[in-house]
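Chains as they are written, first to last, in our numbering: chain V, 1 to 137; chain A, 1001 to 1167.
Here the structure is laid out as structure tokens; the discussion comes afterwards.
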């Protein structure tokens, strides 16, 4: 038993480091959109659907190329203006067509939160990301 | 008893279907050969009148029925003009492209795609888009019905001219 404990700890540390390194070193992430909430300037927030918000179900995040892209045939993209790593989290920011957005992806869990703001309206998007191979075209 | 009740239900359904097959559908017309035309003559007259009605109105009910419905709308949202959105998309895409080292490519991508973030819709925009789509569908349906009515009137006029009573 005494022999197994250090082995288990070493294994756990190796796995955790592996996941963290995967998220840190991955050239791109594949993120699934799970929940969308829309808030008005009046302070009312309502749950929205992915379809009504016109979001793709999956978004490929490529910090190196500084781009977000949908995985579907519509091939919608958005540029990333800022990429930072703060406290084991990937922090991304950008703007498009009068909207500003900020996103955070936790290295260890892959949990993603995005805030998209425009005049009098804000969207909060929640999802989960995993490391992905760069898309081959 | 259960069997008898089941049989009664089945007979009721059969009767309903039988009666239904004799009830004319809404808008259906009947023609009667007033001048004693035989079935062969009636068939020929119908064919020729159909061709004449199609020529007169430009409507062929057979091909009109085969036309697919328009797909529901998608991005960009109604509150933003397509050109404006495309210009903005191009500008933003250009910035993205410049950061990534290819301004031209970024601009083209932004203009063509409307933007992943920029193309998002608020609930109000979605509702307005759905309403506009419903209205458009309703108008298309009305226009289609109107064209079909014109065809029917032309067909009936032709058949009446050839000695058929049309009701």
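By construction, the Cβ of each residue, glycine as well, lies at the ideal position given by its N, Cα and C atoms.
All values reported here derive from a predicted model rather than from experimental measurement.
Cβ-based neighbour list, residue 76(V), same chain, cut-off 6 Å, excluding 5 preceding and 5 following: For the purposes of this step, residue 76(V) is identified with residue 76 of the first chain, where counting begins at 1. Here the set comprises 70.
For residue 40(V), which residues from the same chain have a beta carbon less than 7 Å from its beta carbon, with the 5 sequence-adjacent residues on both sides left out? Here residue 40(V) corresponds to residue number 40 of the first chain, with the count starting at 1. In the same chain as residue 40(V), and ignoring 5 residues on each side of it, the C-beta atoms closer than 7 Å to its own belong to 120 and 121, in chain order.
Could you check whether residue 92(V) and residue 60(V) sit closer than 7 Å to each other, using their CB atoms as the reference points? In the first chain, residue 60(V) corresponds to position 60, counting from 1. In the first chain, residue 92(V) corresponds to position 92, counting from 1. Contact flag unset, no.
For residue 1037(A), the three-state DSSP class (helix, strand or coil): Locating residue 1037(A) in the second chain gives position 37, counting from the first residue. If DSSP states are grouped into helix, strand and coil, residue 1037(A) belongs with coil.
What does residue 77(V) pair with, by DSSP beta-bridge criteria? Residue 77(V) sits at position 77 when you count from the first residue of the first chain. DSSP lists 69(V) as partners of residue 77(V).
Measuring CB atoms only, is the stretch 43 to 59 of chain V touching the stretch 1120 to 1130 of chain A, in the sense that at least three cross pairs come out at less than 8 Å? Using a C-beta cut-off of 8 Å, the stretch 43 to 59 of chain V makes contact with the stretch 1120 to 1130 of chain A, since at least three inter-stretch Cβ pairs fall below that distance.
Might you give, ordered along the chain, the residues of its own chain that have their beta carbon closer than 6 Å to the beta carbon of residue 116(V), omitting 5 neighbours on each side? Working through the first chain from its first residue, we reach residue 116(V) at position 116. Excluding positions up to five away in sequence, the list reads 99, 101 and 123.
Expected contact under 8 Å - CB spacing of residue 1059(A) and residue 1148(A) to nearest Å: Here residue 1059(A) refers to the residue found at position 59 of the second chain. Here residue 1148(A) refers to the residue found at position 148 of the second chain. Their Cβ separation, rounded to whole angstroms, is 7 Å, which keeps residue 1059(A) and residue 1148(A) in contact under 8 Å.
Expressed to the nearest angstrom, what Euclidean distance is found between the alpha-carbon atoms of residue 1143(A) and residue 1134(A)? Here residue 1143(A) refers to the residue found at position 143 of the second chain. Here residue 1134(A) refers to the residue found at position 134 of the second chain. Cα atoms of residue 1143(A) and residue 1134(A): separation of roughly 14 Å, rounded to the nearest angstrom.
Using Cβ-Cβ distances below 7 Å, what residues of the stretch 1114 to 1134 of chain A are close to chain V? Residues of the stretch 1114 to 1134 of chain A with a Cβ closer than 7 Å to any Cβ of chain V, in chain order: 1114, 1115, 1116, 1117, 1118, 1119, 1120, 1121, 1122, 1123 and 1126.
Assign residue 45(V) to one of two classes, buried (16 or more other C-beta atoms within 10 Å of its C-beta) or exposed (fewer than that). As a working mapping, residue 45(V) is identified with position 45 in the first chain. Within 10 angstroms of the beta-carbon of residue 45(V) lie fewer than 16 other beta-carbons, which makes it exposed.
With 7 Å as the threshold, decide whether the Cβ of residue 102(V) is near any Cβ in chain A. Translated into the one-based positions of the first chain, residue 102(V) becomes position 102. Cβ-Cβ to chain A under 7 Å: no for residue 102(V).
Can you tell which of 47(V), 89(V) and 126(V) has the C-alpha that lies nearest to the C-alpha of residue 107(V)? Here residue 107(V) refers to the residue found at position 107 when the first chain is read from its first residue. 89(V) is the residue among 47(V), 89(V) and 126(V) whose C-alpha sits nearest the C-alpha of residue 107(V).
I'd like the span of the alpha helix (DSSP H) that includes residue 55(V), first residue to last. By 1-based counting over the first chain, the position of residue 55(V) is 55. Segment: none, residue 55(V) is in no alpha helix (DSSP H) and carries neither H nor E.
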